[in-house]
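In terms of full-length UniProt numbering, the sequence shown opens at residue 1 and continues consecutively. This report refers to the structure that appears directly beneath it.
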Amino acid sequence: PSIPRHTNRLINEKSPYLLQHAHNPVDWYPWGQEAFDKAKKENKLIFLSVGYSTCHWCHVMEKESFKNKEIGEIMNKNFVCIKVDREERPDVDKVYMTFVQATSGGGGWPMSVWLTPDLKPFVGGTYFPPEDGVHCVGFRTVLLRIAEQWKENKDALLENSQKILEALLHRSEIRLRGQESPPPSKGVMATCFQQLSNSYDEDYGGFSESPKFPTPVNLNFLFTYWALHQTTPEGARALQMALHTLKMMAHGGIHDHIGQGFHRYSTDQHWHVPHFEKMLYDQGQLAATYSRAFQISGDEFFASVAQDILLYVSRDLSDQAGGFYSAEDADSYTTTASGEKREGAFCVWAAEEIRALLPDPVEGATEGTTLGDVFMYHYGVKETGNVSPMQDPHQELKGKNVLIARCSTELTAAQFGLELGRLGALLGEGRRRLSAARVQRPQPHLDTKMLAAWNGLMISGFAQAGAILAKQEYVSRAAQAAAFLRRHLFDPTNGRLLRSCYRGKDNTVEQSAVPIQGFLEDYVFVIQALFDLYEASLEQGWLEWALQLQHMQDKLFWDPKGFAYFSSEAGDPSLLLRLKDDQDGAEPTANSVTVTNLLRAACYSGHTEWVEKAGQILTAFSERLQKIPITLPEMARATAVFHQTLKQVVICGDPQGADTKEMLRCVHSVFSPNKVLMLADGDSTGFLYRQLPFLVSLERKDRKATAYLCSNFACSLPVTSPQELRGMLCP
């Protein structure tokens with residue numbers, strides 16, 4: 001590589017995204033006091049650019065504008081330029097995204113916002129092309145116009161920015177509005193189900209035309225709705241909608257049939273042509289959701305998809321120290337010699353490549369059939385490529401194929417006169433050969449930043465899959481990652497989580513000079529992970545840590561006046577707003593997940609004030625939950641759990657005993673949205689017995705492993721057979 005012409009302050013950062021911009025001719029600063037002081041001292045506007053390292057349009061804007069010397073000069077002369085990695089600083093991202101969405105009606109990344117020297121936004125947008133076009137103003141023009149306005153109309157700009165801030169404060173406030181109790185779950189659940197049902201795509205699954213995101217929160221809501229309405233037509237439809245969506249996604253191009261795992265979203269209605277980046281938070285949530293689909297339906301297909309996701313994460317997103325990396329990029333070089341990256345280059349195929357890799361004649365099939373013929377038929381490969389030009393505006397995928405299982409294995413087998421088992425083996429062989437060829441291609445960039453929140457989601461994925469599929473290796477991987485968090489993203493001196501750490505040179509784990517403190521979502525997703533890991537492993541140490549973190553979360557983020565939790569803690573003067581997120585999107589919002597966390601925490605500790613807090617969150621979000629619960633499906637789900645009251649499933653037995661293990665397997669095989677599992681091992685000095693003194697009164701019957709179902713500290717009669725226990729868990 002040639003010696004870079006320019007180097008700016010971002011060279012000293014750890015974030016892969018910031019480092020990607022360290023050699024731009026723009027004089028970038030990271031978010032911090034040095035940049036703020038410069039803006040004030042020189043009375044300059046701030047240009048804030050927010051993105052993340054696997055964001056396709058962020059790469060485009062960098063290539064077109066931030067690498068352009070002339071545009072760089074305009075930026076440096078007129079503005080203090082700040083770059084933020086939204087995954088490192090979701091708090092900064094959310095403040096200014098709230099502004100961009102409120103003023104432009106849209107949002108996304110890269111986000112471009114102009115701020116006054118005291119950090120108040122007054123103009124914002126997303127991607128700008130470098131020069132003026134027929135339909136839009138170019139970035140160069142916008143920069144010059146804003147610089148001119150600052151010279152000519154400074155006072156008006158400042159006054160306007162103050163008004164905008166006041167409006168944002170008013171708009172974004174979520175608090176109690178005189179209503180005393182949480183909304184009734186029946187109405188919230190029925191409305192959410194109806195809204196999802198109305199937006200459901202009957203043919204291809206999912207809940208929009210296009211683009212289509214996996215959105216596991218919708219599917220988890222539907223599973224809970226089904227569990228509470230199993231005998232009704234609505235319950236049956238809820239389950240059908242969820243399972244059909246999961247099947248169509250797994251057959252689609254959004255699922256990487258060769259390299260495993262799921263891409264971020266589909267650009268079309270058919271789950272065919274994706275944006276090719278792969279995000280850790282999707283893999284974690286989808287591993288849990290596919291495991292749950294198997295638990296409910298018994299269909300091995302769903303179990304195999306969960307295992308496929310966990311194979312991808314273990315192989316490609318795992319740090320040797322135990323943590324999980326954030327993402328894999330969509331763009332990569334087409335060949336080792338090419339100088340230009342293309343979206344999807346690592347994942348797509350020309351028909352002739354597949355023919356060359358799979359030339360073998362297939363015995364028993366129609367005369368002259370090759371393995372390539374069978375493979376191409378099953379995965380929808382066309383000689384001229386199978387991507388419609390509508391899905392490929394930059395013609396990066398012309399003549400290429402995104403694999404999609406267009407028809408069932410039965411149809412493909414019938415087409416070539418093959419037995420099903422034989423076809424499965426042939427397709428497996430085809431995938432193996434393509435995989436071996438693909439590994440030779442230039443790899444996409446890996447974002448090796450490790451975030452507490454996303455690691456939490458992934459630990460939950462491994463722990464739940466391990467428990468449901470009875471795979472101890474998954475539970476062990478979850479425990480390894482939790483130990484990593486404890487070692488690298490937790491400060492035992494003050495009991496607080498940190499947001500991020502990084503893969504350094506020689507594969508060591510590094511921390512930035514000033515570590516970023518954990519946000520609400522870090523606490524919430526890690527606490528959820530520790531509860532899931534306890535239920536899968538029954539190691540009480542994870543439970544103890546979860547409850548400590550819950551106390552810390554209450555201290556740092558709870559809003560005692562308006563109820564619910566703020567996304568960030570108080571005391572950062574550079575944050576204009578303390579927000580509460582109100583949308584379950586690609587990831588659930590932290591307040592939604594924390595409702596169930598609080599109910600679980602109360603079950604394990606006996607602290608009833610946590611149940612009260614859960615109710616107060618639902619009360620604060622009551623209006624939204626009753627009118628548009630489709631925006632908060634995870635919180636709507638939690639409303640049902642809150643009103644149903646969690647059931648403590650207590651197994652009294654020796655953890656190593658075969659009878660205990662059989663009872664535990666029974667608990668893990670049943671989907672019950674309102675159960676909390678605990679093992680009473682007879683050690684009355686242990687953590688759980690100290691928390692819950694009533695456990696001492698529960699005994700083993702006839703010296704066998706014995707199960708009790710307890711609610712509000714009153715317990716059922718003891719049962720000692722898995723069949724009886726299953727009957728109690730499946731009302």
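Where a beta carbon is used, it is the ideal one built from N, C-alpha and C, also for glycine. Note that the structure is a prediction, hence the values are computed from the model and not measured.
Alpha carbon of Met279 to alpha carbon of Leu520, nearest angstrom: Taking C-alpha positions only, Met279 is separated from Leu520 by approximately 20 Å.
Endpoints, the beta strand (DSSP E) within which Met249 is located: Counting along the chain, Met249 falls outside any beta strand (DSSP E), though it belongs to the alpha helix (DSSP H) covering 233-251.
Residue 750 vs Leu219 beta-carbon contact at 8 Å: Within the shown structure, residues of the chain are numbered from 1 to 731, placing residue 750 beyond reach of any answer.
Gln33, DSSP secondary structure in three states: Taken through DSSP and simplified to helix, strand or coil, Gln33 comes out as helix.
Alpha carbon of Trp150 to alpha carbon of Met635, nearest angstrom: Trp150 and Met635: Cα-Cα distance of roughly 44 Å.
Span separating the alpha-carbon of Leu698 from that of Pro718: Between Leu698 and Pro718, the alpha-carbon positions lie close to 9 Å from each other.
Close Cβ partners of Lys69 (< 6 Å) along its chain, the five nearest in sequence each way excluded: These residues qualify, in order along the chain: Pro25.
Arg700 - DSSP class collapsed to helix/strand/coil: Here Arg700 sits in coil by DSSP.
Classification of Ile11 by the beta-carbon crowding that lies within 10 angstroms, buried from 16 upward: Classification for Ile11: exposed.
Proximity of Asn597 and Phe531 at Cβ, strictly below 8 Å: Contact flag set, yes.
Best match in Asp91, Trp114, Lys83, Gly125 for proximity to Val100 [C-alpha to C-alpha]: Comparing Cα-Cα distances from Val100 to each of Asp91, Trp114, Lys83, Gly125, the minimum goes to Gly125.
Secondary structure of Phe462, DSSP reduced to three states: Correct three-state label for Phe462: helix.
Nearest-angstrom Cβ-Cβ length linking Gly112 and Ser49, presumed shorter than 8 Å: In the sequence on display, residue 112 carries Ser and not Gly. Rounded, the Cβ-Cβ distance is 6 Å, consistent with contact.
Runs of beta strand (DSSP E) lying entirely within the region 43-119, each at least 3 residues, in chain order: 45-51, 79-85, 111-115, all fully within the region 43-119.
Per DSSP, the bridge partner or partners of Gln517: For Gln517, which the question treats as bridged, DSSP gives the partners Leu498.
Presumed contact (8 Å Cβ cut-off) between Ile46 and Val80, rounded CB distance: The beta carbons of Ile46 and Val80 sit about 5 Å from each other, so the pair counts as a contact at 8 Å.
DSSP three-state assignment for Tyr689, whether helix, strand or coil: It is helical.
C-alpha gap between Thr336 and Gly344, whole angstroms: Separation of Thr336 and Gly344 (C-alpha to C-alpha, rounded to the nearest whole angstrom) is 15 Å.
Rounded straight-line distance, which links the Cα of Ala529 to that of Asp654: The alpha-carbon atoms of Asp654 and Ala529 are separated by roughly 25 Å.
Other residues of its chain near Met97: CB distance less than 7 Å, five sequence neighbours each side excluded: Excluding positions up to five away in sequence, the list reads Gly107, Met111.
Trp28 - DSSP class collapsed to helix/strand/coil: The answer is strand: DSSP assigns Trp28 an E or B state.
Three CB pairs or more closer than 8 Å across the region 191-207 and the region 626-634: In short, these stretches touch, since the Cβ pair count reaches three.
Residues near Thr224 in its chain [Cβ-Cβ closer than 7 Å; skip 5 each side]: For Thr224, same chain residues with a beta-carbon under 7 Å away, outside a window of 5 residues either side, are Arg637, Ala640, Pro673 in chain order.
Limits of the alpha helix (DSSP H) - the one that Lys613 falls within: Run containing Lys613: 609-620, per the alpha helix (DSSP H) assignment.
Among Leu692, Cys652, Val475, the one whose alpha carbon lies nearest that of Ser721: The residue with the shortest Cα to Cα distance from Ser721 is Cys652.
Under the three-state DSSP convention, the category Pro393 falls into: Taken through DSSP and simplified to helix, strand or coil, Pro393 comes out as coil.
Any chain B beta carbon closer than 8 Å to Arg477: In the structure shown, chain B does not exist; there is a single protein chain.
Beta-carbon spacing of Val313, Gly261 below 8 Å: Inclusion of Val313 and Gly261 in the CB contact set at 8 Å is warranted, their separation being smaller than that value.
Local conformation of Val649 per DSSP, three classes: Looking at Val649 - three-state DSSP - the assignment turns out to be strand.
Residues that Glu662 bridges to, as DSSP identifies them: Residue pairing by DSSP places Glu662 opposite no residue, since no beta bridge is assigned to it.
Simplified DSSP state of Thr596, which is helix, strand or coil: In the structure shown, Thr596 sits in a helix (DSSP, three-state: H, G or I).
CB of His607 within 8 Å of CB of Ala614, strictly: Remark: C-beta atoms of His607 and Ala614 do not approach each other more closely than 8 Å.
Extent of the continuous alpha helix (DSSP H) run through Arg140: 139-152 is the span of the alpha helix (DSSP H), which, as asked, contains Arg140.
Tyr379 beta carbon less than 8 Å from that of His257: Yes. Within cutoff.
First and last residue of the uninterrupted alpha helix (DSSP H) at Leu371: Taken as a continuous stretch (DSSP letters only), the alpha helix (DSSP H) holding Leu371 covers 371-378.
Cβ-based burial, Glu202 [other Cβ within 10 Å; buried from 16]: Around the beta carbon of Glu202, fewer than 16 other beta carbons sit within 10 angstroms, so the residue counts as exposed.
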